[in-house]
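Read in order, the letters of the sequence shown correspond to residues 1 to 316 in the working numbering.
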Amino acid sequence: MDYSLWFVTISTVLLVVYIIVQLLKGKCNSTALLEGKTIIVTGANTGIGYETALSFARRKGRVILACRSRERAEAACKTIKETSGNQNVLVKIIDLSIMASVRKFAEDFIKEEKRLDILVNNAAVSGMKKTITEEGLEYSYATNYLGPFLLTNLLLDIMKKTPNSRIVNVSSIVNMFGNVSFDTLNGEKYSIAGTYYDTKLLNIMFTKELSRKLKGTSVTTSCLHPGSVRTELLRNIPVYVRIPFQIMGLLFFKTCEEGAQTTIYCAISEDLQGVSGHYYMDCKDYEHTIYISKQAYDEGLCKKIWEVSERLTESK
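Below, the structure written as structure tokens:
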């Protein structure tokens, strides 16, 4: 066997794939400044959330890092201030798995702030075993979907009073593998991988139903796949799965800064003014493509899931 030929062939294929991946990476080219605007980014202490918050701080926005860990959030806040030169960056604590914490965060925000221009629902977990919170909700479903659902609804009034405000929901391409039902929103049919797929699909269905409910207002909403990114999201999955992904990621996955580009694009791009309910990848519109589950377009199911979500979060 000619191993040298195999080596050359495999190396060539990997190089071609690497080049294609690099060429397809989207970048937000907007030069928009955010001075005078207030922004919330959940999960902003690390990964895509951190890079998103840093970009907003560099654009002179008032950036609120909405995080669960005060220690990690304060460290991120300090670095963002030093890096951006913007001192108008602050930390607010929220645990999206606990609805009481979500309510406290929203209540404090409404008391302290006069406007909300951008809400980025970025925080998520994966690879978690089924866990029921003290409020009776399944932890992953609560963190990835129900918490952001409640937070958004609690902040809608102040966003409606803020001209041209935007809600950005970070989803994933794995929504294609999701299969949701209105009677399984609390982990009734739980699997580690399936739960992540389902919650990412729920993020999209939430975006679309929210867009319909926001018609007649200046508030718009969008959702996105950030790409395959080298983040801490895989930290809870088994090591024998995590390590191969990490090795592959060194060559083919985006950096966190690259992964944040579509989130930033959805939040500030002038091209999206007045556009609502769409799904984006690499700073491009990917509506009605193979990269989004057909369930996302089932308006009846989206409406029913909204109603059940209201009941589970006691938000109606």
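We put the CB at the ideal spot given by N, CA and C, even for glycine.
Using the Cβ count rule (16 or more neighbours within 10 Å means buried), how would you classify A32?
Looking at its Cβ environment, which holds fewer than 16 other Cβ atoms inside 10 Å, A32 is exposed.
Apply the 10 Å Cβ neighbour rule to T83 and answer buried if 16 or more other Cβ atoms are within range, or exposed otherwise.
Counting Cβ neighbours within 10 Å, T83 comes out exposed, since fewer than 16 surround it.
D317 classed as buried or exposed, judged by whether at least 16 other C-beta atoms fall within 10 angstroms:
The chain is shown only over 1 to 316; residue 317 falls outside these bounds and no answer can be derived.
DSSP state of K189 mapped onto helix, strand, coil
In the displayed model, K189 falls within coil according to three-state DSSP, outside both helix and strand.
If you scan the stretch 121–189 from start to end, which runs of the alpha helix (DSSP H) of 4 or more residues do you find wholly inside it?
For the stretch 121–189, whole alpha helix (DSSP H) runs of length 4 or above, ordered along the chain, are 147–160.
Use the C-beta contact count for H278: other C-beta atoms within 10 angstroms, 16 or more gives buried, fewer gives exposed.
H278 is buried by the Cβ-count criterion.
In terms of DSSP beta bridges, what is T217 paired with?
For T217, DSSP records no beta bridge to any residue.
Rounded to a whole number of angstroms, what is the C-alpha to C-alpha distance between I292 and E299?
For I292 and E299, the distance between alpha carbons rounds to 15 Å.
Please report the Cβ distance between V174 and T263, rounded to the nearest whole angstrom; I am assuming they are in contact, meaning their Cβ atoms lie under 8 Å.
Separation of the CB atoms of V174 and T263 is rounded to 17 Å, and the pair is thereby denied contact status at 8 Å.
I'd like the list of long-range same chain contacts for S69, defined as Cβ closer than 8 Å, with 5 residues on each side in sequence excluded.
Taken in chain order, the residues that qualify are N45.
Taking DSSP as the reference, what is the three-state secondary structure of D198?
If DSSP states are grouped into helix, strand and coil, D198 belongs with the helices.
Secondary structure at L116, three-state DSSP: helix, strand or coil?
Look at L116 here: in three-state DSSP terms it is coil, with no helix or strand label.
Tell me which residues share the same chain as V148 and place their Cβ nearer than 8 Å to its Cβ, disregarding the 5 neighbours each side in the sequence.
It is worth fixing the name first, because residue 148 is Pro in this sequence and not Val. Apart from the 5 residues on each side of it in sequence, P148 sits with its Cβ closer than 8 Å to the Cβ of T42, L96, N121, A123, N169, N203 and F206 in its chain, given in chain order.
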